[in-house]
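One structure below.
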Amino acid sequence: PKKREERAAFARLLGMRAWEEAEGVLRRRRRQVRAVLEHHIPVARPPATATALCEEFGYGGESAQAKSLRKLISFREDGEEVVRAIRADATATERLRLIIERAPRLLPEIAFHTELWDVAFSEEVEMTDEDFRQARERMTRRLTEDSMEWEQAFTLWVRHLLTAVALRHAYHRDSNRTASALTEIADAALLLALDEVGAGDVDILAFGRLGSRELLLPSDWDVSFVALDGERLAAAEHAVEECLRLFRRLHASGVRIPLDTRLRPEGSAGPLVRSMAALERYAETSMETWERLALTRARSLRGLPEVDSLARAAADCGRLSHEARTELIEMKERVQRERGSRGGDGRDIKLGEGGSIEIEWLASLLELEHGSVERTGISEKLDALSERGILPTNDKDALVSFYFLFANLRNAMHLLDMPSTTQLPEAGSEGERLLADFLEMTPEDLSARVHTAREVALRCWKEATE
């Protein structure tokens, strides 16, 4: 059927929710029938070109998938051989579809860096959580066994792992597993780099999603540096500056280390490294209320109890004055007004009304008001607040679920290489359909779920702050 209403009726007759779902099933059935026929009946093979492969995959000539596939094959000098190899290997065919349909953002990386082509067409998607937890040990072992220089080996290692975790997310679509893996990679990369430049006596205080172990694929790594030996502050500053130069060189070679040091005391104008004593003095005399809020998600990357204790003490949970509370509420509104999307069209799921900012600030604000829960993750904080009777269980369950939904949406928009990873595509657009397909929903279901999530998050914030 060609008409929209006929397609909808056809889908319902097949027992499906929408035409898009029925169309996907039909395409898969066609491919299965073709595979059976070709197995039993000799057929003339089409030419080994990207265009012919697009036709076999069912990608329309000017569709986003067809353009991506043609681009990927065109980057390879041995394009015809690649097409033949893909046709002959069912696993490679499945993996190629995975990249084209769920992770087109990775195409340039995979095409230009040969070692990533191997990652894309290997079993790396199935790397276990334990593989990522052992990231630092694996890198240390590789550095001692390989003859290549440290910086080259480090670059390949970081690029390899970040690509593997992105591919695994395209496969599993589980933002909790992805966050865990990204956190292990980030912790290992930052500490290995510090140790390499002679900053073994410098710790990293992680904030935001890195601090709460809830990293997304497009997340920044928010950090500040703490000198453990106050008498070697100058040497620590020199080593940290060398570490940052290393990350800039990696960025120039195509490896994105999204380090952000602006959350350190006094922001960009403050010193890059502070001693623990200086941090303690700053907390007592100059710390602003928003910095206390940020510290509720902070943790020591080296796992040092003294640094974690310092962060908790500086947050000063359980002693939030009325003036400080009002200041935080006004600051959140200012952040949304100045940094969120304009127009109030409801598409900004990070800083817009009812977006993830409502859930994050709600959890940290309630902690500042009622006392530390000694957990850095937003979902963990919400659980703890509910256990203490501060947040109704139904609201907690909904907020945790919707926080996970927003994470999945932002990871999907990143992999689909959409213009923004915070603003949903316009209703009725090709982008909306691709995003819904990624999450295995219809566009209508996705829109309804996001609308409900926004309403619940905004209601919970207003009830807690009125």
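Okay, so the sequence shown: first residue is 121 according to this note's numbering, each after it adds one. For every residue, glycine included, the Cβ atom is placed at its ideal position computed from N, Cα and C.
With 16 other Cβ atoms within 10 Å as the buried cut-off, status of residue i
i       : result
Glu-480 : buried
Lys-452 : buried
Leu-157 : exposed
Asp-468 : buried
Ile-324 : buried
Lys-119 : The structure shown has nothing for residue 119, since the chain only spans 121 to 586.
Lys-501 : buried
His-289 : buried
Val-153 : exposed
Arg-368 : exposed
Gln-543 : buried
Asp-465 : exposed
Leu-134 : exposed
Thr-211 : exposed
Arg-457 : exposed
Asn-531 : buried
Thr-303 : buried
In DSSP terms, what residue i is bridged to
i       : result
Trp-341 : Leu-379
Ala-326 : Val-343 and Arg-419
Arg-394 : Val-346
Gln-543 : Asp-468
Extent of the continuous alpha helix (DSSP H) run through residue i
i       : result
Arg-553 : 550 to 558
Ser-194 : 184 to 194
Arg-148 : 139 to 160
Val-203 : 199 to 208
Lys-470 : Note, Lys-470: premise wrong, no alpha helix (DSSP H); not H, not E.
Met-561 : Premise fails: Met-561 is in no alpha helix (DSSP H) and is neither H nor E.
Pro-425 : 425 to 435
Glu-357 : 353 to 372
Thr-169 : Element bounds for Thr-169: n/a, residue is neither H nor E.
Glu-408 : Glu-408 -> no alpha helix (DSSP H), and no H or E assigned at all.
Met-451 : 442 to 459
Ala-128 : 124 to 133
Spatial distance of residue i from residue j (CA atoms)
i       : j       : result
Glu-404 : Val-493 : 21 angstroms
Arg-124 : Gly-551 : 19 angstroms
Leu-232 : Asp-517 : The residue you asked about is not Leu; residue 232 is Phe in the sequence shown. Rounded to whole angstroms, Phe-232 to Asp-517 spans 44 angstroms at the Cα level.
Phe-77  : His-442 : This structure cannot speak to residue 77, because the chain is shown only from 121 to 586.
Asn-296 : Leu-529 : 13 angstroms
Ala-433 : Ser-300 : 26 angstroms
Lys-187 : Glu-507 : 51 angstroms
Leu-216 : Leu-282 : 18 angstroms
Ala-355 : Asp-349 : 10 angstroms
Ser-567 : Ser-183 : 23 angstroms
Leu-554 : Met-538 : 10 angstroms
Thr-234 : Glu-316 : 27 angstroms
Ala-129 : Gly-144 : 16 angstroms
Leu-312 : Arg-132 : 56 angstroms
Ala-319 : Met-396 : 15 angstroms
Arg-207 : Thr-213 : 7 angstroms
Thr-298 : Leu-578 : 27 angstroms
Leu-559 : Leu-535 : 12 angstroms
Trp-270 : Arg-261 : 12 angstroms
Arg-279 : Thr-381 : 22 angstroms
Pro-391 : Asp-340 : 20 angstroms
Arg-454 : Glu-197 : 52 angstroms
Glu-564 : Glu-400 : 51 angstroms
Glu-351 : Ala-306 : 28 angstroms
Report the residue ranges of all alpha helix (DSSP H) runs contained in full by the stretch 221 to 303; include only those spanning at least 4 residues, in chain order. Here the runs fully enclosed are 227 to 232, 234 to 240, 249 to 253, 255 to 265 and 270 to 292.
Of all the alpha helix (DSSP H) runs that stay within the bounds of the stretch 472 to 541, which reach a length of 4 or more residues? Entirely contained in the stretch 472 to 541, the alpha helix (DSSP H) runs reaching 4 residues are, in chain order, 476 to 490, 498 to 507 and 513 to 535.
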